[in-house]
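To start, the structure itself, in C-alpha cells.
Protein chains in written order, with my numbering: chain A, 197 to 310; chain B, 886 to 998.
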C-alpha cells in the first residue's frame, strides 16, 4: 500500500513496561509527525521530524517519551515505564513538504496500559 | 490551554439537509485552517482548508467559512449524506505548512436516513 503504515495496530502492556511503536511514512515524504488521541480528546502533537533538521520535541509529555527517525524514513516512538495515562491511540502522519499543511495519517496504534 | 475548540461533541442531521460544524480558536497567530474527517479505526483524512486571506473556500458539497474577527470557522456540508457520518476535526497552524497543527476535540456527525 502507498499509505502511512503503523505497527502494531493494537498493543496491551502492563504498567512499567517499555513499548515501541513503529511508523513507515509515505515514500518520498520528508516530514513525519506523531500525535496521540486520548479517549474523548483531540489530537495532541508529540513530535515532528523534517529531513535532517533537529526534531521538534516540544509536545512530548515527559522524558519517558522519545522518538527517532532512521535514514529519513521509518520512525519509532518509544515509551519507557508506561503509565495508565499513556493509554491512547498514537497516530503517525507524513507530509510531502513543509508547504502544504496537509498531513497523511496512518491508522494508528492503540496502546492500552493495564 | 485549548487553543482550538469544538464545543459540540456531537451533531445529528437528517440526510439531505445542511450540516454545520463549528470551531473557535484563541491564537491570533493562526492563519491557516484545515478540516479533517475520521472514520472509526482509520486515521484522519484531509477534507478542506482555508487561508486567512480568504473568508470562504468551497469544494463540492463542502464549504469552509472563516470569520477572523470572531476567531471562528465553520464547515458546511450540503446536502448531507449517510457517508458523511464521521468525526470531524478542526485544525489550525501559525503558517501554512507549519509543523504543529493544533487540533480541536472533534465533533461526531451522524447523518440520519
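From the three backbone atoms N, C-alpha and C, an ideal C-beta is built for every residue, glycine too. These numbers come from a predicted model, not from an experiment.
Which value, in whole angstroms, describes the spacing of the CA atoms of residue i and residue j?
i                     : j                     : result
residue 994 (chain B) : residue 957 (chain B) : 19 angstroms
residue 944 (chain B) : residue 935 (chain B) : 11 angstroms
residue 992 (chain B) : residue 924 (chain B) : 12 angstroms
residue 899 (chain B) : residue 893 (chain B) : 17 angstroms
residue 968 (chain B) : residue 948 (chain B) : 17 angstroms
residue 928 (chain B) : residue 954 (chain B) : 32 angstroms
residue 922 (chain B) : residue 906 (chain B) : 12 angstroms
residue 988 (chain B) : residue 940 (chain B) : 20 angstroms
residue 231 (chain A) : residue 237 (chain A) : 12 angstroms
residue 199 (chain A) : residue 214 (chain A) : 27 angstroms
residue 903 (chain B) : residue 996 (chain B) : 10 angstroms
residue 942 (chain B) : residue 950 (chain B) : 7 angstroms
residue 946 (chain B) : residue 258 (chain A) : 42 angstroms
residue 250 (chain A) : residue 971 (chain B) : 36 angstroms
residue 269 (chain A) : residue 998 (chain B) : 44 angstroms
Determine whether the beta carbon atoms of residue i and residue j lie at a separation below 8 angstroms.
i                     : j                     : result
residue 985 (chain B) : residue 241 (chain A) : yes
residue 263 (chain A) : residue 271 (chain A) : yes
residue 975 (chain B) : residue 915 (chain B) : no
residue 302 (chain A) : residue 202 (chain A) : yes
residue 310 (chain A) : residue 210 (chain A) : yes
residue 290 (chain A) : residue 228 (chain A) : yes
residue 965 (chain B) : residue 901 (chain B) : yes
residue 911 (chain B) : residue 888 (chain B) : yes
residue 287 (chain A) : residue 239 (chain A) : yes
residue 920 (chain B) : residue 933 (chain B) : yes
residue 297 (chain A) : residue 978 (chain B) : yes
Helix, strand or coil for residue i? Go by DSSP, reduced to three states.
i                     : result
residue 943 (chain B) : strand
residue 900 (chain B) : coil
residue 969 (chain B) : helix
residue 990 (chain B) : coil
residue 264 (chain A) : strand
residue 891 (chain B) : coil
residue 280 (chain A) : helix
residue 237 (chain A) : coil
residue 907 (chain B) : strand
residue 954 (chain B) : coil
residue 256 (chain A) : coil
residue 997 (chain B) : strand
residue 961 (chain B) : strand
residue 300 (chain A) : strand
residue 206 (chain A) : strand
residue 924 (chain B) : coil
residue 915 (chain B) : coil
residue 310 (chain A) : coil
residue 937 (chain B) : coil
residue 361 (chain A) : Residue 361 (chain A) cannot be examined here, being either before or after the span of chain A that is shown, 197 to 310.
Considering only heavy atoms of the ligand NAP, does any lie closer than 7 angstroms to the CB of residue i?
i                     : result
residue 900 (chain B) : Because no ligand of any kind appears in the structure shown, any question about the ligand NAP cannot be addressed here.
Assuming the contact rule is C-beta atoms closer than 8 angstroms, residue i and residue j should be a hit. Round their C-beta distance to whole Å, please.
i                     : j                     : result
residue 278 (chain A) : residue 208 (chain A) : With 8 angstroms as the limit, residue 278 (chain A) and residue 208 (chain A) do not qualify as a contact, their Cβ atoms being about 11 angstroms apart.
residue 245 (chain A) : residue 265 (chain A) : 4 angstroms
Along chain E, in chain order, which residues have C-beta atoms closer than 7 angstroms to that of residue i?
i                     : result
residue 927 (chain B) : Absence of chain E from the displayed structure is noted, the protein chains being A and B.
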